[in-house]
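In what follows, a structure is listed as structure tokens, so that the remarks can point back to it.
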Amino acid sequence: EKLFHSRDRSDLEPSPLHWAKPITNLHSAQRFLSRYGWSEVSSAWGPIPKESSEAPTGTTLAEAMRRFQRANALPASGKLDVATLAAMNRPRCGVPDTRMPLQATLTTPPAPRTPLGPRP
Amino acid sequence: RARPKRFLQMLLPRLGGQQEDSSGRRAIQAFSKKTLTWRLVSEAYSSQLSVEEQRYIFRLAFRMWSEVTPLNFREDLTAPGTAVDIKLGFGRGRHLGCPRVFDGSGQEFAHAWHLGDIHFDDDEHFTPPTSDTGISLLQVAVHEIGHALGLSHTYRMGSIMQPNYIPQEPAFELDWSDRKAVQKLYGSCEGSFDVAFDWIRKERNRYGEVRVRFSTYFFRKSWYWLYENRNNRTRYGDPLQILTGWRGIPTQNLDAFVHIWTWTRDERYFFKGNQYWRYDSDKDQAHTEDEQGRSYPKLISEGFPGIPSPLDTAFYDRRQQLIYFFKESSVFAFDVNRNQVLNSYPLKITEAFPAITPQNHPFSSIDLAYYSYAHNSVFFFKGNAYWKVVSDKDKQQNSRLPSNGVFPKKSTSGKWFDICDVHPSTLNM
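These protein sequence lines map, in sequence, to chains A and B. Per the numbering used here, the very first residue in the first sequence carries number -9; after that it's consecutive. Per the numbering used here, the very first residue in the second sequence carries number 256; after that it's consecutive.
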């Protein structure tokens, strides 16, 4: 069983085998940005891209990073720093995010260019 | 066979799906019917909560959206799976034939398909609303249902559609912006009402001084809402059943409410058909009999001689101490002190309450006449529209306005926001 001690199982800890792989490096960050629609590279709302060539690189990556950082009220350095990693590792919904405009805005973003996905 | 077929359908351009407008932008599609069905798939229960808890939480999550949209949601346990609009399920890793694989505990906790199904990662620690640990299943469900309805992520503070899970207070609700976002897709809640009134309560403060407060109520069919004027919305969790909140009066389809309030009288009456009931605000129930021992309900013809029944609506004018009773195209002014109809009545409604703009008038069969203390005005409602009656203040600002004139009509949903029906199966939640 999964180990717990409280009656309501509120202290239930999942097996390490079931932990999500944290985002710790540039490669996984690239995949994150692609997966959730932050890069210009197509991020189909479908199977997880397996090929690293599908992830953004170079200036595309930096721009995608900046967009993500602005949306999360982080310094838009375009570089993968500790705060950005922390933001990427926060619990989140699996639906891709909307595309943010180049300037940060507090208004509800427009409809995403990346489709949320047709009904399976 | 169904899973690969659905997977392939997902990869193909969806017929009637998102369409591009002339600028190449994709338009968000929405469900086209008002009542949507949902089901927690039996082969995809969570291992962490009882099935009843899971179903209750989803029922509540759907109801929260129903309270702010014209949509109703009904749990459907019997129809074929393909006929259910939104199916929900829990899974780990590869799950339920879904092309998006869950990643284990942490990071992704759920996803939803536009106009489609919702999946929860059962490696996450989902907890009921009462828990202060783990991830609130209710909050996640409300978020994912938002996606299923067509909403996207937003980083706006306070929105339920933020992509990251942010622990909320146990009493999280859909705020103004979330409501308007979904109403852009599905419209605002419309519909006529049977009765509306401001219920007066007298309270004493700590100095012993009597203070008067009022609560605004709207009634429709067998349920009612408390409307919070300062918040521009109904009370969270409404509507409620008349049966549970107002004891002793008819439980549906009321005709009118009148509060006779003078220095010497404080009497509240509900009307339906040819009868009326007096309500005891101290005991919070209808009177069973009057001071002379005569039982309620009583006949309108006896308590209010000269007034026909059934009525369309009524309101009490405190300044003139008259009750205006409305039936079809006529209005009757009833003097509560002399207990009789004024000699010059009945009149045509259009005569007693003339239109300021020609032909812009409810004319007859008014659904509701309501005096609002919040707006210090009388309003006539019919269908989805209301007409404001000229008040003393209006007259002071513009002396040319006819007394008791009726301003041009406006949309009710543009002044009293989000008074929405829910599916009857969720009324007792």
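For glycine and all other residues, C-beta sits at the position ideal for the given N, C-alpha and C.
- In this structure, B/Ile373 sits near B/Ile400, with a CB-CB distance shorter than 8 Å.
- Fully contained in the region 599 to 666 of chain B are the following alpha helix (DSSP H) runs of length 4 or more, in chain order: 604 to 607 and 647 to 652.
- A Cβ-Cβ contact shorter than 8 Å links A/Leu23 with A/Ala54.
- By alpha-carbon distance to A/Pro12, the top candidate from A/Leu51, A/Asp87, A/His(-5) and A/Arg80 is A/Arg80.
- DSSP lists B/Phe474 as the bridge partner or partners of B/Val450.
- Within chain B, the C-beta atoms nearer than 7 Å to that of A/Gly84 come from Arg355, Glu363, Ala365 and His366, in chain order.
- Considering only beta carbons, no part of the region 531 to 563 of chain B lies closer than 9 Å to chain A.
- Chain B has a Cβ within less than 8 Å of the Cβ of A/Asp87.
- Inter-residue distance for A/Met78 and A/Ala66 is about 14 Å (C-alpha atoms, whole angstroms).
- Think of a sphere of 8 Å around the beta carbon of A/His17: no beta carbon from chain B falls inside it, the nearest being about 15 Å out.
- A straight line joining the alpha-carbon of A/Arg21 with that of A/Gly27 spans about 10 Å.
- Contact of B/Gly359 with chain A by beta-carbon distance below 7 Å involves His8, Trp9 and Ala10.
- Within chain A, no residue has its beta carbon less than 9 Å from that of B/Ile504; the closest one is some 43 Å off.
- Take the alpha-carbon of B/Asn639 and the one of B/Pro552: they are about 31 Å apart.
- At a cut-off of 8 Å between beta-carbon atoms, A/Pro81 makes contact with chain B.
- B/Asp377 is a Cβ neighbour of B/Arg347, given a cutoff of 8 Å.
- In terms of CA proximity to B/Pro601, B/Pro563 leads the group B/Asp331, B/Pro679, B/Pro563 and B/Arg574.
- Counting C-beta atoms within 10 angstroms of its own C-beta, B/Trp671 has 16 or more neighbours from the protein chains shown and is therefore classed as buried.
- For the region 295 to 324 of chain B, there is no continuous beta strand (DSSP E) assignment of 3+ residues that stays within its boundaries.
- For B/His380, the CB contacts under 8 Å within the same chain, skipping 5 residues up- and downstream, are Gln303, Ser360, Thr388, Gly389 and Ile390 in chain order.
- The residues Asp567, Ser619 and Ser620, in chain order, have a CB closer than 8 Å to that of B/Glu583 in the same chain once the five nearest residues on each side in sequence are set aside.
- Per DSSP, B/Gly346 is one residue of the beta strand (DSSP E) stretching across Ile341 to Gly346.
- By the criterion of a C-beta distance shorter than 8 Å, B/Thr290 is surrounded in its chain by Leu326, Asn327, Phe328, Arg329 and His678, once the five residues flanking it on both sides are discounted.
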